[in-house]
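Protein chains: 2
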Amino acid sequence: MPSERKRRILAAIVELYNETGEPVGSKRLMEVLPDSVSSATIRNEMAELAELGFLEQPHTSAGRVPSLQGYRYYIDHLLPQLEMPPEQKKALEEQLRARAREPERLLENAGKLLAELTACTALCVPCAGVELRVKRVEIAPLGRSMAMLALLTTNGAVKSKVIRTESALSPQALEVFGALSREHLVGAPLELFTQPFLQSLAAKAGTEFLAVAPLLIGVAELAREAAGQEVLVGESHLFQNPQLEPQAKTLLDFLQSAGLARLLQDGPPAHVSVLLGNESFPLPDLRDVTMVLAPYAIGAAQGGTLGIVGPLRMDFAKVIPALKFIAALLGRMLTQGLEE
Amino acid sequence: MPSERKRRILAAIVELYNETGEPVGSKRLMEVLPDSVSSATIRNEMAELAELGFLEQPHTSAGRVPSLQGYRYYIDHLLPQLEMPPEQKKALEEQLRARAREPERLLENAGKLLAELTACTALCVPCAGVELRVKRVEIAPLGRSMAMLALLTTNGAVKSKVIRTESALSPQALEVFGALSREHLVGAPLELFTQPFLQSLAAKAGTEFLAVAPLLIGVAELAREAAGQEVLVGESHLFQNPQLEPQAKTLLDFLQSAGLARLLQDGPPAHVSVLLGNESFPLPDLRDVTMVLAPYAIGAAQGGTLGIVGPLRMDFAKVIPALKFIAALLGRMLTQGLEE
DNA sequence: TGTTAGCACTCAAGATAAAAGAGTGCTAAT
DNA sequence: ATTAGCACTCTTTTATCTTGAGTGCTAACA
């Protein structure tokens, strides 16, 4: 716990470095700091901060750059806790509501908003990993051999898709599917929807097998989407950031592969949490990457995780309030959607 | 119409340049060409090709690079007309069929396949711009104030989404919507689905306005998606190509803005067509961009356009057959989907 | 007339050297 | 505890030289 002045200096270094991306020197700091002390004094303080591990020097005669530990301290103790301006909140709420007529894409739309707002890639993870059950399965025939399927889950997610069946969808086929769905699907936990399980169900369809099997596969896909699918929005931001661009491809591959799932398998964090660099990333190359994660609630229950992926040098003071607000807003809208 | 040998030289230059990205010199050509002539002779030929406008020189003492006109000539007259190997065709067909259980995403899936295959960004434009009508509108209630909507069009496209209504979806509301849809929606051309039109319809809903209006808006959105929405797949390829990367952002903005629509407003090309650089692009910065477009048919009727966007330096000999095949395959599958 | 060897010339790219500049760390004075 | 002063370090910039690929031209040759 450094002195008050050291803290001011650390904060200034983080902020200046975030703006320019260049190491910060004592002279520059002198201009910015409210304390009227000489550059030499600041140099002394900086030397001590460096000894404590909060600062690093790219080379002997360069300014200082915050270390991971420095960032961590800044975020945990020095970050001004701003709120978004109320007008902006209002505007965002309206935007999201306007797009919310489609429950199916609500999460994705929240991500889109977040990505635009923060100029980072947004991350939507619907599932909390616990106790997700099918609330309802609905089917509507669509021509002779197509049907629209919808799946509602206990966490308020809605998924639908159109499926083509292998043979004509007779009233009997629909009846068989309806019975199977009532008996075996509704109320079942989403993890249950594996290939073998669905196949065993399909076997019960008897003569209607060709029509019913694709439907069951469709339901399984919907379940998988509703349960596990993490979505990335605004990937191109990764490539547009100069700090991230060299590793952007690696990072994207990592996120799209199982890596992300593994990272988030413990479910949403309790509060807004900031993961810095490879502090918590398994991959070695991802030094300059930051993830900010926030949970959202559905009613009283835990929902999923909303987050952003961006460079280490990001405007935390803006990004964190934005994330907080959108996560809360999303939670509220999902909660509303649930009670009906 | 240059001599046979000039043509061989031009072809070799284009191919070598495409491989390496570096200007091609006379010595290098001598090694590659089947003719056993000296480098001096080749230099003479190159000088003449340059005078004809087929080649350019980055600077005096560098090799030659194909000019736009050179590329054009190569593509129009020199490109070997390859076919894809049958095994690959078969594999692709299987892959697309596997994903085709979802008619809604068929086009997108074809684009995905194309993007992977060519390592370019793929481009899917469903609409031919002519005579698209609503074939069928289907609704299925989903809980008290949600409904699943589906729209089938005469070109075989299927779109669905889930909509939340402003008030409960009573049987009467469904009845009103059904009547409106039967009378005014089915058979209507997609261009008709403007905001004013839908509002005038909603006005007829009377007391069920709150429930029916969102549904109508939903139908309008579906119509817009089915009709106009061009989709880009694999945008990240743009950023991964060294030749394109500096202008990738500009290009992406252009494609995502109205630019693309304007470019394709005349409907699909008659045959596979190659647009080179700013030969046909309105934007000045897009020098090194190539688009290859192919039409696909649905039954006997015109379908839409499938295409790729990539660097000038691409392997046309591979890309064009791939595009041709996938466009044809897509056409076949859409045609099949239509007859039911 | 078409082809080829030979050679001077050009120009980008790479290597090397020198100069500039930013910033530090230390010392000694306040 | 603070600060001015200064030597020192190391990157960045600039200038100069060298290298080498490739051309264009000329003159000889089949």
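If you read the protein sequences in the order shown, they are chains H and V. For what it's worth, this note's numbering labels the leading residue of the first sequence as 664, then goes sequentially. For what it's worth, this note's numbering labels the leading residue of the second sequence as 664, then goes sequentially. Even glycine gets a Cβ: it sits at the ideal position worked out from N, Cα and C.
Every unbroken beta strand (DSSP E) within the segment 893 to 968 of chain H, with a cutoff of 3 residues, ordered by chain: List check, beta strand (DSSP E) in window: 894 to 896, 936 to 939 and 952 to 961.
Is any beta-carbon of chain H found at less than 9 Å from that of V/Gly-1000? At least one chain H Cβ lies under 9 Å of V/Gly-1000.
Best match in V/Gly-869, V/Ala-836, V/Leu-879 and V/Pro-686 for proximity to V/Phe-856 [C-alpha to C-alpha]: Selected option, being the one with the closest Cα: V/Leu-879.
Under 9 Å, Cβ to Cβ, is there at least one residue of chain V near H/Ile-961? Not one chain V Cβ lies under 9 Å of H/Ile-961.
What residues of chain V sit near H/Ser-823, judged by a beta carbon separation below 8 Å? Those are Met-811, Ser-823, Lys-824 and Val-825, listed as they occur along chain V.
Is H/Pro-877 helix, strand or coil when you go by DSSP? For H/Pro-877, the three-state secondary structure derived from DSSP is helix.
Integer Cβ distance of V/Met-747 from V/Ala-985, believed to fall under 8 Å: Yes, they are in contact, since the Cβ atoms of V/Met-747 and V/Ala-985 sit about 6 Å apart, within 8 Å.
Can you check whether the C-beta of H/Phe-902 is within less than 9 Å of a C-beta belonging to chain V? H/Phe-902 counts as touching chain V.
Just confirm the distance between the C-beta atoms of H/Leu-795 and H/Leu-776, as a whole number of angstroms; I'd bet it's less than 8 Å. Contact check for H/Leu-795 and H/Leu-776: beta-carbon distance about 24 Å, past the 8 Å limit, so the pair fails to qualify.
Beta-carbon of H/Glu-893 versus every beta-carbon of chain V: anything under 9 Å? Answer no: the Cβ-Cβ gap between H/Glu-893 and chain V never drops below 9 Å.
Assuming H/Leu-769 and H/Ser-808 form a contact by the criterion Cβ under 8 Å, report the distance between their Cβ atoms to the nearest whole angstrom. Not a contact, Cβ separation roughly 31 Å.
Just the Cα atoms here: how many angstroms apart are V/Val-935 and V/Leu-956? Using only the alpha carbons, I get a separation of about 6 Å.
DSSP three-state call for V/Ser-823: helix, strand or coil? Of the three classes helix, strand and coil, the one that applies to V/Ser-823 here is strand, per DSSP.
Compare the C-alpha of H/Glu-854 against each of H/Phe-840, H/Ala-883 and H/Ala-725 and name the closest. Between H/Glu-854 and the set H/Phe-840, H/Ala-883 and H/Ala-725, the nearest pair of CA atoms involves H/Ala-883.
Under 9 Å between beta-carbons, which chain H residues line up against V/Lys-912? List them in chain order, please. The contacting residues are Ser-899, Phe-902 and Gln-903.
Please work out which residues of its chain come closer than 8 Å, Cβ to Cβ, to H/Pro-697, disregarding the five sequence neighbours upstream and downstream, and give them in chain order. Taking C-beta separations shorter than 8 Å and ignoring five residues to either side along the sequence, the partners of H/Pro-697 in its chain run Arg-671, following chain order.
Do you know how far the Cα of V/Leu-712 is from the Cα of V/Gln-720? Taking the straight line joining both Cα atoms gives about 11 Å.
Could you name the residues of the same chain whose beta carbon sits closer than 6 Å to that of H/Ala-886, not counting the 5 residues immediately before and after it, in chain order? Only Leu-853 and Phe-856 meet the Cβ criterion.
Classification of H/Lys-690 by the beta-carbon crowding that lies within 10 angstroms, buried from 16 upward: By the neighbour-count criterion, in which 16 or more other beta carbons inside 10 Å mark a residue as buried, H/Lys-690 falls on the exposed side.
I want to see whether chain V comes within less than 9 Å of H/Ala-836, judged by CB atoms only; does it? It does not: the Cβ of H/Ala-836 has no partner Cβ on chain V nearer than 9 Å.
Measure the CB-CB distance between V/Ala-990 and V/Leu-745 and report whether it falls below 9 Å. Judged by their CB atoms, V/Ala-990 and V/Leu-745 are not nearer to each other than the 9 Å cut-off.
So H/Arg-691 is in the alpha helix (DSSP H); what residue range does that whole segment cover? Start and end: 689 to 695.
For a cutoff of 9 Å on Cβ pairs, would you count V/Pro-909 as touching chain H? Judged by the 9 Å Cβ criterion, V/Pro-909 is not in contact with chain H.
For the candidate residues H/Glu-888, H/Ser-863, H/Glu-756 and H/Tyr-734, whose alpha-carbon lies nearest to that of H/Glu-767? Sorting H/Glu-888, H/Ser-863, H/Glu-756 and H/Tyr-734 by C-alpha distance to the C-alpha of H/Glu-767 places H/Glu-888 at the top.
Taking CB distances under 9 Å as the criterion, tell me whether H/Ala-763 reaches chain V. Among the residues facing chain V, H/Ala-763 is included, as its CB has a counterpart in that chain under 9 Å away.
Applying a beta-carbon distance threshold of less than 8 Å, which residues of chain V neighbour H/Glu-767? The answer, in chain order, is Lys-824 and Val-825.
Proximity to H/Glu-838 [Cα-Cα], best of H/Glu-829, H/Leu-814, H/Asn-818 and H/Ile-802: The shortest C-alpha to C-alpha distance from H/Glu-838 to any of H/Glu-829, H/Leu-814, H/Asn-818 and H/Ile-802 is the one to H/Ile-802.
Exposed unless 16 or more other CB atoms sit within 10 angstroms - verdict on V/Glu-871: The residue in question, V/Glu-871, is buried, as its Cβ has 16 or more Cβ neighbours within 10 Å.
Enclosing alpha helix (DSSP H) for H/Ala-813 [first to last residue]: Element bounds for H/Ala-813: not the alpha helix (DSSP H) but the beta strand (DSSP E), 809 to 816.
According to the Cβ coordinates, are V/Leu-755 and V/Leu-997 closer than 9 Å? No, the pair does not count as a contact, with Cβ atoms beyond the cut-off.
Closer than 8 Å at the beta carbon, the chain H residues around V/Ala-803: For V/Ala-803, the C-beta contacts it makes with chain H under 8 Å involve Glu-801, Ile-802, Ala-803, Met-811 and Ala-813, in order along the chain.
Is the beta carbon of V/Leu-718 closer than 9 Å to that of V/Glu-730? Strictly speaking, residue 730 of chain V in this sequence is Ser, with Glu absent from that position. Cβ distance < 9 Å, so V/Ser-730 and V/Leu-718 count as in contact.
If the cut-off is 9 Å on Cβ atoms, which residues from the segment 856 to 880 of chain V count as contacting chain H, listed in chain order? If the cut-off is 9 Å between Cβ atoms, the segment 856 to 880 of chain V has Pro-877 and Ile-880 near chain H.
First through last residue of the beta strand (DSSP E) which encompasses V/Val-797: Counted as a single uninterrupted DSSP element, the beta strand (DSSP E) harbouring V/Val-797 occupies residues 797 to 804.
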